Amino acid sequence: MHNNYRDSKIKELRDQLRFNQKTKLIEQAAATETLLSEIEDGRDYAYDYLCYRITNYRPDQSSRHNIASADLSHDLRLLIEDLSELAELSVEEIAEQVHTVQDLSRQFNVSTKTISRWRESGLVSRRLLFGGRKRVGFLNSSVEQFVSRNKEKIQRGERFSQLSEDEKGEIIERARQLVEGGAALADVTRLLSDQMGRSAETIRYTLKNFDADNSSIAIFPNHRGVLTDDDKRSIFHQYLGGVTLAQLCRRFRRTRTSIQRILIEMRRQRIFELPLDYIYNEDFENTAREAEFMGDEPVESGEQRKVRVPSDLPRYLASLYDVALLSREQEYHLFRKMNYLKHKASKLRESIGDEASGKSAIMNEIEDLYEQAVKVKNRIVQSNLRLVVSIAKRHLSTSEDFFALVSDGNMSLIRAVEKFDYSRGNKFSTYASWAIMKNFARTIPNEFKHRDRFRTTTEELFLSRQDERVDPYMEETVQRNRKRELSKILNRLDEREQKIIAARFGLERGSEPLTLKEVGEEMGVTKERVRQLEVRALAKLRSAAHENNIDIEFEA
Numbered sequence: 001m002h003n004n005y006r007d008s009k010i011k012e013l014r015d016q017l018r019f020n021q022k023t024k025l026i027e028q029a030a031a032t033e034t035l036l037s038e039i040e041d042g043r044d045y046a047y048d049y050l051c052y053r054i055t056n057y058r059p060d061q062s063s064r065h066n067i068a069s070a071d072l073s074h075d076l077r078l079l080i081e082d083l084s085e086l087a088e089l090s091v092e093e094i095a096e097q098v099h100t101v102q103d104l105s106r107q108f109n110v111s112t113k114t115i116s117r118w119r120e121s122g123l124v125s126r127r128l129l130f131g132g133r134k135r136v137g138f139l140n141s142s143v144e145q146f147v148s149r150n151k152e153k154i155q156r157g158e159r160f161s162q163l164s165e166d167e168k169g170e171i172i173e174r175a176r177q178l179v180e181g182g183a184a185l186a187d188v189t190r191l192l193s194d195q196m197g198r199s200a201e202t203i204r205y206t207l208k209n210f211d212a213d214n215s216s217i218a219i220f221p222n223h224r225g226v227l228t229d230d231d232k233r234s235i236f237h238q239y240l241g242g243v244t245l246a247q248l249c250r251r252f253r254r255t256r257t258s259i260q261r262i263l264i265e266m267r268r269q270r271i272f273e274l275p276l277d278y279i280y281n282e283d284f285e286n287t288a289r290e291a292e293f294m295g296d297e298p299v300e301s302g303e304q305r306k307v308r309v310p311s312d313l314p315r316y317l318a319s320l321y322d323v324a325l326l327s328r329e330q331e332y333h334l335f336r337k338m339n340y341l342k343h344k345a346s347k348l349r350e351s352i353g354d355e356a357s358g359k360s361a362i363m364n365e366i367e368d369l370y371e372q373a374v375k376v377k378n379r380i381v382q383s384n385l386r387l388v389v390s391i392a393k394r395h396l397s398t399s400e401d402f403f404a405l406v407s408d409g410n411m412s413l414i415r416a417v418e419k420f421d422y423s424r425g426n427k428f429s430t431y432a433s434w435a436i437m438k439n440f441a442r443t444i445p446n447e448f449k450h451r452d453r454f455r456t457t458t459e460e461l462f463l464s465r466q467d468e469r470v471d472p473y474m475e476e477t478v479q480r481n482r483k484r485e486l487s488k489i490l491n492r493l494d495e496r497e498q499k500i501i502a503a504r505f506g507l508e509r510g511s512e513p514l515t516l517k518e519v520g521e522e523m524g525v526t527k528e529r530v531r532q533l534e535v536r537a538l539a540k541l542r543s544a545a546h547e548n549n550i551d552i553e554f555e556a
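Be aware that the sequence shown starts at 1, since it is given in full-length UniProt numbering, and climbs by one per residue.
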């Protein structure tokens, strides 16, 4: 018995009729088939009328319930099968010829799956007893009626088996070329159907059979492995780096639709990872003031006072004093603008919700708002970097690394920009100075504690220890020699191994050595796979170096 009725009223009717006598069930199944043949597309049918046509009586109370023709055709087909199953009617009791699925498959020279599709398209079937076992059967009259109404469909199905081997080969070859160009299965089916003059079902079934019989060279392989999160991130980063959709389809053996879905998924994930924390203000709810919030930075009137640059600072730190300090009005405007941009982006991100994919236009706007907020934040930070230098100089002792202090202070400044509440009317420099000094007060004692714990000799010996590092010139010379010797034996490796070694050792002119992860992203494989290939390549190189008496050390 079927449970997938589209309209509950038809299913309720089935449940009411299940207790009728056998002859009555047979009559009602026949009446239902007659009604099914009269259904017209695009119309709605009153349930009371349908009930009368099937049972020959009208409900006591009018239900005023209507059923669309598409849903009705589907449910009437199920009702015929259920009524015949309830009647427990055997094939021997039927006065006309009854066909099985296999019988029709042979008669029309089509597959059994084609027969199943025909059933969904209106070929009426019944559940009958064949030798005491319930199976799907088709009355000859039902088959003839379906054939008379679907001659083109029958002809398309019959033509399928007439494909020659040359035609099948041409379909396979053309499909492979389309897939290499990035086409998805639906695109391939549609294009080849037009080009070859065959039905879409014929094209799809031919490709499916080929893939099933030739798994190693399948056009649309069923088993391509599950993409890991690293694979998806690699696809996304490669796409951002300029790799085309067609190239990604070939590298990861996925259809264009699958790659596009992954790109949307990863982009949505990146959107939800954006740091959009901000200081909320009630003014942000007043959309009429958006032009004011998003306006240009106020221009400070009057001439800027020249700031004296400390004489003992390196040039790049002294250049920080060339950036003018922000006025109170500029500071207020920039902090308000930065937080409003994040507020607006955060609201848009909430509108995406838990959908599997976000709308591209909304994600574009979120990314644009976030980039604007970052630019405003950088403007504030750059205008206050000299403050960090000034405070770091006051906290510097003989054993402190000044540049480490400045770097640590810069991080405190950035956090202060994100946490500052401009609406309270305080100057940011006061808040930032407090935050930076508080961080120095916490980190500097911890640094001394760390040094005391790991010190191996007296302070004088520790500070006066000779620098035993290799001369930078010598390091460069050794690196050049290593590249020269490596080039002599690289031809022992295959193309992929050469590429990995060149990337890992920085052998390309003007390039720096890359990490395993960076090489993997370039080649479209995982970091672990790059490591395995590198180990194998280094083993070959060691063997080649030994054979050629080349003195070079390889480190995996």
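Quick reminder that beta carbons are idealized off the backbone N, C-alpha and C, glycines included. Just so it is clear, the structure is predicted and the values come from calculations on it, not from any experiment.
Taking the CA atoms as reference points, K344 sits about 8 Å from L369. Looking at the DSSP output, L240 bridges to nothing. In the structure shown, the three-state DSSP call for K134 is strand. In this structure, I80 lies near E33, with their beta-carbon atoms less than 7 Å apart.
Taking 7 Å as the cut-off, the Cβ atoms of D82 and M196 do not count as close. Just measuring C-alpha positions, the residue of E173, N339 and L334 sitting nearest S383 is L334. Annotation for Q260: L245 place their beta carbon closer than 8 Å to its own, counting only its chain and skipping 5 residues before and after. At a Cβ-Cβ threshold of 7 Å, L128 and V91 count as neighbours. Only residues of its own chain outside the window of five on either side were considered, and among them I39, E40, D41, G42, R43, D44 and Y45 have a CB closer than 8 Å to the CB of S69, listed in chain order. I10 carries a helical assignment under DSSP once its states are collapsed to helix, strand and coil. At a Cβ-Cβ threshold of 7 Å, T112 and S121 do not count as neighbours. In the DSSP assignment, D44 is bridged to A68. A residue is called buried once 16 or more other Cβ atoms fall within 10 Å of its Cβ, and A361, having fewer, is exposed.
Under the DSSP assignment, F505 falls in the alpha helix (DSSP H) whose first and last residues are E495 to F505. Going by DSSP, Q177 is part of the alpha helix (DSSP H) stretching over E165 to E180.
As the crow flies, the alpha-carbon of E331 is around 17 Å from that of Y321. By the Cβ-count criterion, Y52 is exposed, with fewer than 16 other Cβ atoms from all chains shown falling within 10 Å of its own Cβ. A distance below 6 Å between beta-carbons, with the five flanking residues on each side excluded, links A392 to the following residues of its chain, in chain order: L405, V406 and G409. In this chain, the alpha helix (DSSP H) harbouring V388 covers S360 to R394. In the three-state reduction of the DSSP assignment, L227 falls in the coil class, being assigned neither a helical nor a strand state. In the three-state scheme derived from DSSP, where H, G and I count as helix and E and B as strand, S412 is classed as helix. Considering only D15, E96, D7 and R135, the residue with the shortest C-alpha distance to H74 is D7.
In this chain, the alpha helix (DSSP H) harbouring Y340 covers R328 to I352. Beta-bridge analysis with DSSP links H99 to F138.
Excluding residues up to 5 positions away in sequence, L248 and L263 lie with their Cβ nearer than 7 Å to the Cβ of Y239 in the same chain. DSSP places G197 outside any alpha helix (DSSP H), giving it a letter other than H or E. Apart from the 5 residues on each side of it in sequence, G520 sits with its Cβ closer than 6 Å to the Cβ of T526, K527 and V530 in its chain, given in chain order.
Rounded to the nearest angstrom, the Cβ distance from Y340 to F403 is 35 Å, too far for a contact under 8 Å. Using a Cβ distance threshold of 7 Å, L25 and A87 count as a contacting pair.
Boundaries of the alpha helix (DSSP H) harbouring S258: R256 to E273, taken from the DSSP string. Its chain contains E180 as the residues whose beta carbon lies nearer than 7 Å to that of R250, once the 5 sequence neighbours on both sides are disregarded; these appear in chain order.
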